[in-house]
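*Asks:* Dropping a structure here in C-alpha cells format, bear with me for questions.
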Amino acid sequence: MDKLRAIFELRSILHQMEQDVGLRHLNQSEWNVFLVARSLTEKPGGAVDSNEIRKHPMVAPIAQATYHRTLRALLDMGLLQRANGSKAKSYLVRPDLIVE
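For the sequence shown, the positions run 536 to 635 when the working numbering is used.
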C-alpha cells in the first residue's frame, strides 16, 4: 500500500470513530484541544491545567485568541468542565466521555 493510500485508510477509520463517539462536529482546533486535554488527564475525573494543554505540540501552533475561543466552545458544548469551580486554568474532560 502506498503512503497516501495508508493515510486515506487511517483518516477514514478516524472519521468513523469520530462519528461513533458523536464528536464529528468539532473543528480541528476543538478536536486537538479536546484530545490533548484527555491525553493529559491521568485518571477519570482528574483535572488538567490550561498551561499544560497550551504547551502540547498539537496545540502550541494555535493562535492564543483561537485557543481561548476553543476552550470557551468546549466548555459551552459541555465537553470540558471547570475543575473545582475554578474560573480558569483547570479543566475536567466530561467524565462520561472517558472510557477505559
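Virtual Cβ for every residue (Gly too), placed ideally from N, Cα, C.
Extract the residue ranges of the beta strand (DSSP E) inside the segment 541-596, only unbroken runs of 3 or more that lie entirely within it.
*Replies:* Correct list: 582-584.
*Asks:* Of the residues Asn586, Asn619, Lys538 and Asp537, which one's Cα is nearest the Cα of Gly580?
*Replies:* Comparing Cα positions, the closest option is Asn619.
*Asks:* Three or more C-beta pairs closer than 8 angstroms, one from the segment 593-613 and one from the segment 554-574: is that the case here?
*Replies:* Verdict: yes, contact present.
*Asks:* Who are Tyr602's beta bridge partners in DSSP?
*Replies:* DSSP output for Tyr602 lists no bridge partner at all.
*Asks:* Please state whether DSSP places Leu615 in a helix, a strand or coil.
*Replies:* Three-state result, Leu615: strand.
*Asks:* Kindly list the residues whose CB is nearer than 8 angstroms to the CB of Gly557, restricted to its own chain and excluding five residues on each side of it in sequence; keep chain order.
*Replies:* Excluding positions up to five away in sequence, the list is empty.
*Asks:* In angstroms, rounded to a whole number, what distance separates the CA positions of Asp631 and Met593?
*Replies:* Rounded to whole angstroms, Asp631 to Met593 spans 24 angstroms at the Cα level.
*Asks:* Grab me the residues of Lys624's own chain with a C-beta within less than 7 angstroms of its C-beta, minus the 5 sequence neighbours each way, in chain order.
*Replies:* Cβ neighbours of Lys624 beyond the five flanking positions: Asp584 and Ser585.
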